[in-house]
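Have a look at the structure below, then the notes.
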Amino acid sequence: MSAAEAAGGAAGFRRALAFEWVKFRSTRSTVSTTAVMAALPVPGAAFVAGTESLQPEDTVLGGSLTIAIPAMMLAAVLGALVICGEYASGTIRTTFAAVPRRGTVLAAKAALVSGLLFALALPAATGAYLLGDAMLGPSYAQGDPMPALLGVAGAFAVAGLLGLAVGTLVRHPAGAVTAVLGLLLLPSMLGPLFGDAERWVAGISPTAALEKLTQTSDATPESVGSLGPWPSLLLVAAYTALGLLAATALLRRRDA
């Protein structure tokens, strides 16, 4: 690739990213979903601490991030809405007219979703932990917040990318949201049906990676697999990347 082609590709990506940001902040559904997702962890931590519902064997980190799973579900829904909303409204044709390279469009959406979710999830999770620590005091084990909080923010970003991949493949908003929520919830729900294989079935879910990162006492090897938190997150990131590659290939082939 020549220097001119590389410069043109970079300029095209920057243009696509700027275009995506304008659409994102001007769409009510994406803005409201993002706001609720970012706001959930802190009041969740206050509720757990205020009701003294933390289990004796749990950690402050795990208890403070009890509501992280519903928040991560919203992150995945957000990723799906970023592209499904355009298919539903028909603006995807305008997007492809402005940026003809469809792979660049999807890359810009992925950069926006992952960067924004990480940037919002990290302070939200950190704030929840600090509030829980202040309210719960020394009665419980603290857990190891760093680098676990970075992993939690990363899990939110990966969930958003998973939603984007599913949304690109499905295109219909309701269908994509249903599919991505199923990917998050069904492995842990169906795991007990597989007997000794439960730990492997349940362990492939993004929610399993999140539970391990938050160090909750519910994240036992029997229920969410025997992989450690970081290998579990890497596994989820790997099949999310494969999903995005498949979505890119399909996006290039079919009509808008």
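Start counting the sequence shown at 19; every next residue gets the next number (my numbering). Heads up, the beta-carbon is just placed ideally off N, CA and C, and yes, glycines get one too. Small disclaimer: the values here were computed from a predicted structure and weren't measured.
Contact belief for residue i with residue j at Cβ below 8 Å, rounded distance in angstroms
| i | j | result |
| --- | --- | --- |
| Gly221 | Val195 | Not confirmed; about 24 Å, so no contact. |
| Gly172 | Ala98 | Not confirmed; about 19 Å, so no contact. |
| Ser47 | Gly108 | About 15 Å; that fails the 8 Å criterion. |
| Ala125 | Val60 | At roughly 32 Å, the Cβ-Cβ gap does not stay under 8 Å, so Ala125 and Val60 are not in contact. |
| Ala262 | Ala128 | Reading the sequence as shown, one finds Leu at residue 262 and not Ala. Confirmed, about 7 Å. |
| Leu328 | Thr258 | Residue 328 is absent from the structure shown; the chain starts at 19 and stops at 274. |
| Arg217 | Pro239 | 6 Å |
| Ser206 | Ala226 | 7 Å |
Beta-carbon proximity check, residue i vs residue j, cutoff 8 Å
| i | j | result |
| --- | --- | --- |
| Val100 | Phe42 | yes |
| Arg270 | Gly80 | no |
| Val117 | Gly185 | no |
| Val123 | Thr113 | yes |
| Leu138 | Thr52 | yes |
| Leu149 | Ala63 | yes |
| Val95 | Thr84 | no |
| Leu199 | Met91 | yes |
| Leu231 | Ala166 | yes |
| Ser223 | Leu202 | yes |
| Leu140 | Leu168 | yes |
| Ala106 | Pro191 | yes |
| Gly161 | Thr77 | yes |
| Val170 | Ala86 | yes |
| Leu187 | Ala265 | yes |
| Ser71 | Tyr147 | no |
| Leu253 | Leu245 | yes |
Range of the contiguous alpha helix (DSSP H) that encloses residue i
| i | result |
| --- | --- |
| Leu251 | 247-271 |
| Ser82 | 78-82 |
| Ala237 | Segment: none, Ala237 is in no alpha helix (DSSP H) and carries neither H nor E. |
| Pro74 | Premise fails: Pro74 is in no alpha helix (DSSP H) and is neither H nor E. |
| Ser50 | 46-57 |
Test: residue i CB closer than 8 Å to a CB of chain B
| i | result |
| --- | --- |
| Ala267 | Within the model displayed, chain B is absent; a lone protein chain is all it includes. |
* Every unbroken alpha helix (DSSP H) within the region 88-138, with a cutoff of 4 residues, ordered by chain -> 110-116
* Asked: Which ranges would you report for the alpha helix (DSSP H) in the region 154-220 if only whole runs of at least 4 residues count?
  -> 163-188, 191-208
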